[in-house]
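Have a look at the structure below before the remarks.
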Amino acid sequence: MTILPDPAASQALLIGAHDYESLAALPAVERNLAGLTRAFTDPELWGLPPTHCVALPQPSSAQDVLDTLNSVALRATDTLVVYYAGHGLIDPHSDELYLALPGSDQERLYSALPFEWVRRAILDPRIGARHKVVILDCCYSGRALTGGMSGTTQVVDHALIDGTSLMAASAKTRKALSPPGEEFTAFTGELITALTEGIVDGPSLLDMQTLYRHLYVTLAAKSRPPE
Numbered sequence: 017m018t019i020l021p022d023p024a025a026s027q028a029l030l031i032g033a034h035d036y037e038s039l040a041a042l043p044a045v046e047r048n049l050a051g052l053t054r055a056f057t058d059p060e061l062w063g064l065p066p067t068h069c070v071a072l073p074q075p076s077s078a079q080d081v082l083d084t085l086n087s088v089a090l091r092a093t094d095t096l097v098v099y100y101a102g103h104g105l106i107d108p109h110s111d112e113l114y115l116a117l118p119g120s121d122q123e124r125l126y127s128a129l130p131f132e133w134v135r136r137a138i139l140d141p142r143i144g145a146r147h148k149v150v151i152l153d154c155c156y157s158g159r160a161l162t163g164g165m166s167g168t169t170q171v172v173d174h175a176l177i178d179g180t181s182l183m184a185a186s187a188k189t190r191k192a193l194s195p196p197g198e199e200f201t202a203f204t205g206e207l208i209t210a211l212t213e214g215i216v217d218g219p220s221l222l223d224m225q226t227l228y229r230h231l232y233v234t235l236a237a238k239s240r241p242p243e
């Protein structure tokens, strides 16, 4: 049975990079953070206290992200949600996923944040959250489905192992979409709609598998499949 996570014991960190020195701007990402903040803190939905939903737009460095993540994660005892939206970059030598920061570019990968560092921070045994949810809305985000968060589909649930679920907006070789003129990026827009309006004929409380299947079908119907 799906149970709504206790908002008083849960935390969310929403990371987004919408303006870059060397990469194309993604103005919808800024709106993604605002839209998810509204959805997560809505008392009619999850009802996270505003202080439990931390937005980190335009992080200055990898250390800025990881220090904030560590601070937020250590406060969560029920559910921890970590969201990133922005450009995804690939290491041409290792094929690893990097999360772009405002000063990042493909030629200077050391200026971006390796997802592996985020993964290690979330799986840190000091974190007491019973459930951990990672949502990546970036190009090639399917590459995050490796190591301790591995699996065969875009959403992974390792509740029996480490309580971690990961949802990726795109396959490991595909770009995520940010359609011109739309308020949100394609994936996060459908996510916000599902969270705020529910799923027709779906359960009143959404689990990760149900939510991802709905997003996949909805995006595919609009010729925007995640893979």
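Counting in the numbering used here, the sequence shown tops out at residue 243, every number present.
Virtual Cβ for every residue (Gly too), placed ideally from N, Cα, C.
Check the C-beta distance from residue i over to residue j and give it rounded, since I have them as a contact under 8 angstroms.
i	j	result
leucine 90	isoleucine 143	6 angstroms
glycine 158	alanine 184	5 angstroms
glutamate 37	glycine 119	5 angstroms
isoleucine 208	histidine 230	About 13 angstroms separates the two Cβ atoms, so there is no contact after all.
leucine 182	leucine 20	Not really, about 20 angstroms apart at Cβ, beyond 8 angstroms.
alanine 160	leucine 152	6 angstroms
Could you tell me the distance, in whole angstroms, from the CA atom of residue i to the CA atom of residue j?
i	j	result
glycine 164	histidine 34	For glycine 164, the predicted structure reports a pLDDT of 39, less than 50, and the residue's modelled location is therefore unreliable. A value from the coordinates is still provided. Those two C-alpha atoms are separated by around 28 angstroms.
glycine 197	glycine 104	21 angstroms
threonine 234	alanine 24	32 angstroms
threonine 204	asparagine 48	7 angstroms
glutamate 213	histidine 109	43 angstroms
valine 70	leucine 125	26 angstroms
leucine 39	glutamate 199	20 angstroms
proline 75	cysteine 154	16 angstroms
aspartate 140	phenylalanine 131	14 angstroms
For the alpha helix (DSSP H) that contains residue i, what are its first and last residues?
i	result
isoleucine 138	131-138
alanine 78	78-89
alanine 50	43-57
For the beta strand (DSSP E) holding residue i, just list the boundary residues, first then last.
i	result
valine 216	Unbroken run through valine 216: none, as it is neither H nor E.
tyrosine 244	No information on residue 244 is available, as it lies outside the stretch 17 to 243 that the chain covers here.
serine 28	For clarity, residue 28 is alanine in the given sequence; the question names serine instead. Where alanine 28 is concerned, the enclosing beta strand (DSSP E) stretches over 27-32.
threonine 226	Where threonine 226 is concerned, there is no enclosing beta strand (DSSP E), although the alpha helix (DSSP H) it sits in stretches over 224-237.
- Decide if the segment 77-90 is in contact with the segment 42-51; the criterion is three or more beta carbon pairs, one per stretch, under 8 angstroms apart. no
- Are the segment 92-104 and the segment 25-33 touching, with three or more C-beta to C-beta distances below 8 angstroms? yes
- Message: Assess contact between the segment 52-61 and the segment 104-118, defined as three or more Cβ pairs (one per stretch) separated by less than 8 angstroms. Is contact present?
- Response: no
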